[in-house]
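*Asks:*
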Amino acid sequence: MGICNVKTLYISYRTLETLNHCCEAIPVFNKLTHLYIDSHSPLVGWESLPDLLRNSPNLENIVFQGLHHSITN
């Protein structure tokens, strides 16, 4: 099996940061239907999120836990 076959995935803001800096290609998650993102840090880097979503063709639900809002100029 492997991580690419999961139906539910929980990732932390630290995992997102790691994906931003270390991964050239995010794997395809064909079976992923539920994604939970712990974003309890106001400094979360979201650069890898579009690739993760693009590579999750059957995603039905996405939940952001601890999402912070900040105003930028």
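All residue numbers for the sequence shown refer to the working numbering, where the first residue is 1034 and numbers rise by one.
Idealized CB from N, CA, C, for every residue including glycine.
1. Since F1062 sits in a beta bridge, which residues does DSSP pair it with?
2. Is the beta carbon of S1072 less than 8 Å from the beta carbon of G1099?
3. Closest to N1094 by C-alpha separation, out of P1060, I1104, Y1069 and Y1046, would be which residue?
4. What are the boundary residues of the beta strand (DSSP E) that includes T1041?
5. So, for L1085: in the same chain, excluding its five sequence neighbours on each side, which residues have a beta-carbon less than 6 Å away from its beta-carbon?
*Replies:* Quick answer:
1. Locating residue 1062 in the sequence shown gives position 29, counting from the first residue. Beta-bridge pairing links F1062 to no other residue.
2. Residue numbering aside, residue 1072 sits at position 39 when the sequence shown is read from its first letter. Residue numbering aside, residue 1099 sits at position 66 when the sequence shown is read from its first letter. Yes.
3. For the purposes of this step, residue 1094 is taken as residue 61 along the sequence shown, with counting starting at 1. Out of P1060, I1104, Y1069 and Y1046, Y1069 has the C-alpha closest to the C-alpha of N1094.
4. Position 8 of the sequence shown, counted from the start, is the residue given in the question as residue 1041. It spans T1041 to S1045 - the beta strand (DSSP E) in which T1041 sits, taken as one unbroken run.
5. Locating residue 1085 in the sequence shown gives position 52, counting from the first residue. So the list reads I1059, once near-sequence residues are dropped.
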